[in-house]
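Heads up: the structure comes next, in structure tokens.
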Amino acid sequence: MKRWITNPLPALTLIAGIGLTGCGDVTSGGVGEIEVLLVADSLPAATPSADAASPASPGPSSGTSAAPAPSGAVGVHIFGRLNPAMDSLRLEGTLTAQVRSFIRRERSNDWIEITDGPQEVVLALEGEEQRIVAQGTVPAGRYVGARTIFGRIEAEVIRGLRVDGEPIVGKIPVLLGPAGRIDVVEPSLFLDIAEGGSVSLAIEMNSRIWLRLTDRPERNVGEGDFRGAVRIRVHPGR
27 MKRWITNPLP ALTLIAGIGL TGCGDVTSGG VGEIEVLLVA DSLPAATPSA DAASPASPGP
87 SSGTSAAPAP SGAVGVHIFG RLNPAMDSLR LEGTLTAQVR SFIRRERSND WIEITDGPQE
147 VVLALEGEEQ RIVAQGTVPA GRYVGARTIF GRIEAEVIRG LRVDGEPIVG KIPVLLGPAG
207 RIDVVEPSLF LDIAEGGSVS LAIEMNSRIW LRLTDRPERN VGEGDFRGAV RIRVHPGR
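Just so you know, my numbering puts the end of the sequence shown at 264, numbered straight through with nothing missing.
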């Protein structure tokens with residue numbers, strides 16, 4: 027099991043005015059467990075029973091709580107299942123992504139890396155395949171914000187993608203930012219990780235969204251189109 031490390035990268039400025047409930051960071055020296063999963067598309071919406079615990083009183087098995095995200099939050103644009111027109115798209119192929127995953131301690135503002143450096147993952151575009159990219163322990167306490175750094179995103183489409191009425195197959199990379207990466211931050215997500223508790227985060231790639239925005243002549247996807255589709259949330263089924 028990986029030990030937690032404090033990320034040396036500078037913390038990003040989070041959206042101001044995020045309302046939080048409950049007490050502050052009450053780390054008592056214990057640790058909790060965390061895992062991060064990468065999902066090629068999106069997960070089903072959580073059932074009422076999965077959301078039964080209130081944010082101020084997390085269930086004993088999870089040791090976590092989550093607040094609803096404001097509509098303007100960075101990287102939070104896709105909620106629940108896709109609409110019928112989008113859901114009819116049956117993509118076939120693979121998605122390759124290189125990721126690093128972090129959560130931010132409320133009191134110290136440190137970003138703690140959950141991954142052990144960049145992790146490259148290959149997922150099937152069809153279905154709801156998910157892969158664990160990190161598992162480890164972190165100090166118990168409150169965390170505000172989750173961050174994913176993408177160093178490579180590339181789809182290999184076999185069939186099922188049409189843009190402007192024309193089929194597109196082959197490699198479709200996502201254009202990276204000037205620093206050769208894309209940062210996606212979810213500032214509204216907060217976690218209360220209890221000593222001995224556990225939490226699972228899902229990075230939903232929503233590939234069917236951004237692949238439909240492919241630049242047909244250039245055969246690539248813009249950084250903003252990709253960033254606007256990705257979502258980070260507490261895994262609803264774990």
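All C-beta atoms in this analysis are idealised placements derived from N, C-alpha and C, irrespective of residue type, glycine included.
All figures in this text were calculated on a predicted structure; none of them were measured in a lab.
Residue I235 holds the alpha-carbon nearest to the alpha-carbon of L187 among T141, I235 and R130. Counting C-beta atoms within 10 angstroms of its own C-beta, G254 has 16 or more neighbours from the protein chains shown and is therefore classed as buried. As a beta-bridge residue in DSSP terms, E180 pairs with T122 and P199. DSSP lists no bridge partner for V256. Going by C-alpha positions, L202 is about 15 Å away from M231. Annotation for S226: the continuous beta strand (DSSP E) segment containing it runs S224 to E230. Non-local C-beta neighbours of K197 in its own chain, meaning closer than 7 Å and more than five positions away in sequence, comprise E180 and E182, ordered along the chain. Rounded to the nearest whole angstrom, the CA to CA distance from L121 to V159 is 14 Å.
8 Å or more divides the Cβ of V147 from the Cβ of V200. Collapsing the DSSP output to three states places R234 in a helix.
Beta-carbon to beta-carbon, D209 and I175 are separated by about 6 Å, close enough to satisfy the 8 Å threshold. Within the same chain, and ignoring the five residues on either side of P193 in sequence, the residues whose Cβ sits closer than 8 Å to its Cβ are R185 and L187. Our two residues, G250 and G162, have alpha carbons roughly 31 Å apart in a direct line. Taking a C-beta distance under 8 Å as the contact criterion, G177 and R131 do not qualify as a contact pair.
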